[in-house]
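Please read the structure below before turning to the comments.
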Amino acid sequence: MLQEVYERLYRVYGPQHWWPGETAFEVLVGAVLVQNTAWKNVEKAIGNLREEGLLDPRRLLATEDEELAELIRSAGYYRMKTRRLKNLLRMLVERFDGSLEMMFAEPLEELRAKLLAVNGIGPETADSILLYAGNLPKFVVDAYTYRVFARHGWIDFGTDYHELQAHFESGLERDAVLYNEYHALLVRVGHLHCRKTPKCDGCPLAELLPEGGPLEPDFF
DNA sequence: GACCAGGCACATC
DNA sequence: GATGTGCATGGT
1 MLQEVYERLY RVYGPQHWWP GETAFEVLVG AVLVQNTAWK NVEKAIGNLR EEGLLDPRRL
61 LATEDEELAE LIRSAGYYRM KTRRLKNLLR MLVERFDGSL EMMFAEPLEE LRAKLLAVNG
121 IGPETADSIL LYAGNLPKFV VDAYTYRVFA RHGWIDFGTD YHELQAHFES GLERDAVLYN
181 EYHALLVRVG HLHCRKTPKC DGCPLAELLP EGGPLEPDFF
């Protein structure tokens with residue numbers, strides 16, 4: 001089923017090119033800024049940082065909170081994200097001398113634990129950094145992943161982040177490129193068809209729905 | 001004007 | 001341990 005879903009989505013939407021051609025550091029910053037926010041709002045914030053020449057760990061860390069907050073305002077939650085970004089940057093500079101190369105050389109699970117220990121970095125942000133900035137094979141789970149699979153009856157309602165991640169990682173070849181595309185495709189189909197209220201007409205996964213249509217939990 | 005977006009931490013029961 | 005709430009902008 002995991003493979004079939006991937007193939008259907010890939011056939012219809014093609015490669016998504018998530019975070020291509022940007023630096024790993026931009027990806028890391030973006031991973032924090034995009035928390036519960038539309039990517040469009042993040043692009044502008046990253047553009048501001050680029051214009052100011054601040055897309056560098058030490059320079060960004062040295063930026064005054066007020067100034068940084070203003071530059072990332074468009075991404076929303078800008079006061080909180082200023083703090084979260086700085087917490088992450090502090091960890092990067094203090095433990096890895098500000099070097100992403102050094103950070104990503106760390107064993108995967110040890111690095112994941114260090115990211116999760118940063119206040120403001122939860123499982124999805126940590127895994128996005130590992131996968132999209134570090135090209136490390138960590139499957140990223142998000143709200144769409146959960147909705148798509150729960151509504152089709154492929155997982156139980158109530159499945160938590162770690163269980164769902166394990167479901168993907170144990171059922172797929174351990175491959176960062178595959179994980180990257182798969183997650184991006186799920187966001188794509190989710191955005192089009194699997195928001196808080198599902199719109200299954202024209203969805204490439206509609207044929208795979210259970211009898212009677214999508215299952216609905218009483219939350220989201 | 002309500003609703004939603006590629007979450008997370010913290011308070012409270 | 002489960003459930004609720006604050007955080008904030010910008011697009012539909």
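When we follow the working numbering, the leftmost residue of the first sequence carries the number 1, and every step to the right adds one.
For every residue, glycine included, the Cβ atom is placed at its ideal position computed from N, Cα and C.
Query: Extent of the continuous alpha helix (DSSP H) run through Pro57; Result: Pro57 to Ala62
Query: Pairwise C-alpha distance: Val12 and Ala176; Result: 21 Å
Query: His191: first and last residue of the uninterrupted alpha helix (DSSP H) it sits in; Result: Ala176 to His193
Query: Distance between beta carbons of Leu178 and Arg8, contact taken as under 8 Å; Result: Incorrect: roughly 15 Å between the Cβ atoms, too far for contact.
Query: Contacting residues, own chain, Cβ-Cβ under 7 Å from Asn135 (five flanking each side not counted); Result: Ala176
Query: Distance between Leu100 and Leu111 (C-alpha atoms, nearest Å); Result: 11 Å
Query: From Gly122, Trp154, Gly153 and Ala133, residue whose alpha carbon lies closest to that of Asp142; Result: Gly122
Query: Residue from Glu216, Leu116 and Leu68 with nearest C-alpha to Glu52; Result: Leu68
Query: In DSSP terms, what Pro137 is bridged to; Result: DSSP output for Pro137 lists no bridge partner at all.
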